[in-house]
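Beneath this line is the structure, given in structure tokens, with notes to follow.
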Ligand code: GLU
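Residue numbers (the numbering used here): 31 to 235.
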């Protein structure tokens, strides 16, 4: 029973041998459990690493620390020396993700990790983040995202008409392809610009 600022939890234990209108429970207790703060409800977790060590160790540790926020699936991506993306995802717990990574390790010193609260598309391995943008076989960006893209249907339709192939049912994947499109049309970020990444931000606004 939810009421006021907390959750009323009532525990009642009946003794089966007593019955009738005058029967009373053996034990009855009502407590008010404080509500989970809004900031801790349905918040996905995002963690990133760039450094001299294998990214995966830090990503898994970071995601474990974010588990308290709740999630329905999880994933990581790393980039190895050959600039290949290694994506590992699961519609399960961080322990399941860790088990997958032990079976097929994801090398690389750059990486992203994500715990998802599905809003668009069910909690499946495929819909878990990260998502890749660009050609299926030659992705140019990998992204994770927290939140909702209200107009994703319009954007998705437009991108499909331009030849982009979608692998997931998420709203997030449009961001990956919008970034890939921007990079394809304008080339990489202009490092001499005041804000080299401004065009990329603009592309997804
Ligand atoms: N809307 C995105 C999805 O459904 C992100 C959800 C989240 O914030 O975890 O994949």
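Just so it is clear, CB atoms sit at the ideal spot from N, CA and C, and this is done for glycine as well.
| Query | Result |
| --- | --- |
| Exposure of residue 193, with buried meaning 16 or more beta-carbon neighbours within 10 Å | exposed |
| Nearest-angstrom Cα separation, counted from residue 205 out to residue 230 | 10 Å |
| Residue 177: CB within 7 Å of a non-hydrogen atom of ligand 1 | yes |
| Cβ shell of residue 30 (< 8 Å), same chain only, five flanking positions each side left out | As displayed, the chain neither begins before 31 nor continues past 235, which places residue 30 out of reach and without an answer. |
| Close beta carbons around residue 164, own chain, < 7 Å, minus the five adjacent residues each side | 170, 171 and 210 |
| Alpha carbon of residue 168 to alpha carbon of residue 109, nearest angstrom | 13 Å |
| Proximity winner among 179, 235, 102 and 227, relative to residue 119 (alpha-carbon distances) | 102 |
| Extent of the continuous beta strand (DSSP E) run through residue 144 | 140-146 |
| Residue-level contact to chain B via CB, residue 78, 8 Å cutoff | Here there is only one protein chain, and chain B is not present. |
| Residue ranges of each alpha helix (DSSP H) within the segment 100-168, 4 or longer | 124-133 |
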